[in-house]
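Everything on this sheet refers to the single structure shown next.
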Amino acid sequence: MEARPSDPLDEARSQLRRAIDLLGLDDSTYEVLASPERVLQVKVTVKMDDGSVKTFLAWRSQHNSALGPYKGGVRYHPSVTMNEVIALSMWMTWKNSLAGLPYGGGKGGIRVNPKVMSARELEQLSRKYFEAISDIVGVDRDIPAPDVYTDPQVMAWFLDEYSKVTRGQFFGVVTGKPYELGGLRARVVSTGYGVAVSTREAAKKFLGGIEGKTVAVQGYGNVGYYAAKFLREMGAIVVAVSDSRGGVYMPEGVDPDHALKVKRETGTVANYPGGKKVSTMEVLELPVDILVPAAIEEVITEDNAGRIKAKIISEGANGPTTTKAEKILTEKGVVVLPDILANAGGVIMSHIEWVNNRMGGWITDEEALSKLEQKMVENTRVVIETWEKKLEQGRNNLRDAAYMIAVERVVKAMKLRGWI
Ligand code: GLU
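Residue numbers for the sequence shown follow the numbering used here, so the first one is 3 and each next one is one higher.
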């Protein structure tokens with residue numbers, strides 16, 4: 003994957019600035035929202051299996067709590083920076099607001115390459131991180147969840163560590179937990195499923211339906227795989243998939259389950275038999291109807307935006323499109339389903355899990371998935387409608403519409419609380 007061209011926090015701030023201007027709000031409101039309420043940096047040391055000791059930097063950023071407790075995932079990635087975590091926490095504020103959830107925005111990160119660690123090392127890292135942030139998290143304070151390279155097992159360690167620190171059982175302190183520990187089985191599919199539902203709705207509106215439309219997916223983790231799987235079930239043809247090591251292009255269609263098997267067995271989907279090998283960046287420029295960037299930030303930039311052929315870009319990842327790239331895409335008439343809309347399925351399902359924990363376990367997976375689908379359909383409709391009614395097409399994009407709704411709700415809550 004190429005180096006990131008700019009600081010994600012600059013991107014997040016310029017998106018906020020656009021929303022503030024569109025809403026006719028003043029500079030002081032921008033200032034209030036441009037930085038987080040709190041960022042905690044902690045140092046985590048791990049005794050490695052070979053006897054050595056390694057030190058990792060880690061953060062939890064709490065961006066805004068006007069709408070409720072902070073909510074957002076924790077990522078383990080070798081290039082995580084504090085500014086990236088802050089940007090991601092700001093995006094969570096907007097995502098949760100747009101989805102109508104009673105949450106503010108938070109995010110955590112550890113600068114680590116989890117792929118080279120043993121399960122025991124990862125367990126120690128996870129427990130020590132959660133212990134270090136345990137004073138600022140809580141069922142009604144800040145509720146972490148999975149993100150890049152963290153999963154239900156990591157959430158189980160977080161939960162257990164929290165039980166030890168607090169000497170209590172607070173299942174709602176993290177979401178995305180294993181089923182046996184109060185999680186919902188539907189959580190693992192939820193982000194990818196939400197991406198597929200939002201994409202299907204946009205395809206109905208802009209492409210005359212999802213059936214037979216071609217899709218390329220960049221990133222084959224939890225989000226990319228399930229987005230591919232569900233889009234195919236909905237009738238689309240997934241013609242290309244990629245992961246951090248490379249990708250495959252097959253105009254006749256890739257089977258998402260087989261691609262996952264190939265990745266598990268050989269380390270990358272690029273070894274999918276019979277297709278043309280493409281790089282993870284080339285996947286973005288293939289002649290497809292729909293592009294799903296589902297890896298990391300800032301992969302669609304001013305350098306490649308002009309070469310993108312997709313008519314719909316559905317942001318499975320957080321922040322994959324830079325502001326400069328978005329301008330080019332908007333002028334070309336490409337519809338970008340923004341991250342805070344398209345990938346909200348994960349946190350929407352997290353909310354259902356959290357509510358379920360507080361009720362003592364009650365909701366079935368079928369109910370949870372159908373609630374998620376309804377919410378994604380409705381959110382997509384509202385964003386498209388706001389764009390059509392309140393904004394200028396060709397100049398403004400769906401992100402502008404989504405941000406207007408999201409920022410306005412947070413600003414109203416801050417006013418009601420007397421903060422501004
Ligand atoms: N990490 C996911 C996101 O970026 C989910 C967060 C959550 O469930 O709290 O939206």
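Cβ coordinates follow ideal geometry from the N, Cα and C atoms, glycine included.
- Take the alpha-carbon of Ile239 and the one of Leu103: they are about 33 Å apart.
- With 16 or more other Cβ atoms from the protein chains shown falling within 10 Å of its own Cβ, Met94 counts as buried.
- The three-state reading of DSSP puts Leu59 in strand, counting E and B together.
- In the three-state scheme derived from DSSP, where H, G and I count as helix and E and B as strand, Asn85 is classed as helix.
- DSSP lists Ala147 as the bridge partner or partners of Gly75.
- For Thr325 and Met92, the gap between their C-alpha atoms comes out near 16 Å.
- Taking a contact to require three or more Cβ pairs closer than 8 Å, the segment 410 to 419 and the segment 119 to 139 do not qualify as touching.
- Val55 counts as exposed, since fewer than 16 other C-beta atoms from the protein chains shown sit within 10 angstroms of its C-beta.
- With 16 or more other Cβ atoms from the protein chains shown falling within 10 Å of its own Cβ, Asp402 counts as buried.
- Excluding five sequence positions before and after Gly396, the CB atoms of its chain that fall closer than 8 Å to its own CB belong to Thr332, Glu333 and Gly335, given in chain order.
- Of the heavy atoms belonging to ligand 1, none sits nearer than 7 Å to the Cβ of Asn359.
- If you ignore the 5 residues before and after Ala344, its C-beta comes within less than 6 Å of the C-beta of Val197, Ser200, Ser316 and Glu317, all in its own chain and listed in chain order.
- Rounded to the nearest whole angstrom, the C-alpha separation of Val150 and Arg202 is 24 Å.
- In the DSSP assignment, Gly110 is bridged to Arg62 and Val76.
- Taking a contact to require three or more Cβ pairs closer than 8 Å, the segment 238 to 252 and the segment 274 to 286 qualify as touching.
- Here the C-alpha atom of Leu374 lies approximately 7 Å from the C-alpha atom of Gly347.
- Burial check for His353: the Cβ neighbour count within 10 Å reaches 16 or more, so the residue is buried.
- Going by C-alpha positions, Lys179 is about 7 Å away from Leu186.
- Assigned with DSSP and collapsed to three states, Asn359 falls in helix.
- Ligand 1 has no heavy atom closer than 7 Å to the beta-carbon of Pro253.
- Counting along the chain, the unbroken alpha helix (DSSP H) around Thr332 starts and ends at Thr325 to Lys334.
- Comparing alpha carbon positions, the residue from Met378, Phe208 and Glu355 closest to Glu390 is Phe208.
- Only buried fits Ser63, as 16 or more other CB atoms lie within 10 angstroms of its CB.
- If you ignore the 5 residues before and after Glu328, its C-beta comes within less than 7 Å of the C-beta of Val338, Asn399 and Arg401, all in its own chain and listed in chain order.
- For Tyr32, the uninterrupted alpha helix (DSSP H) segment begins and ends at Asp29 to Ala36.
- In terms of side-chain proximity, the C-beta atom of Pro116 is found no nearer than 7 Å to any non-hydrogen atom of ligand 1.
- The beta carbon of Val349 sits closer than 7 Å to at least one heavy atom of ligand 1.
- Taking a 10 Å sphere around the C-beta of Met361, we find fewer than 16 other C-beta atoms and assign the residue as exposed.
- Inclusion of Glu304 and Pro322 in the CB contact set at 8 Å is not warranted, their separation being larger than that value.
- The DSSP-derived three-state label of Gly140 is strand.
- Asp305 carries a coil assignment under DSSP once its states are collapsed to helix, strand and coil.
- Annotation for Gly226 indicates a beta carbon at 7 Å or more from all heavy atoms of ligand 1.
- With a cutoff of 7 Å, Lys97 counts as near ligand 1, since its C-beta is closer than that to a heavy atom of the ligand.
- Check the Cα spacing between Leu18 and each of Thr31, Ser8 and Gly194: the tightest is with Thr31.
- The alpha carbon of Ile386 has as its nearest neighbour, out of Thr83, Ile314, Leu11 and Arg122, the alpha carbon of Ile314.
- Closer than 7 Å to some heavy atom of ligand 1: that does not describe the Cβ of Asp144.
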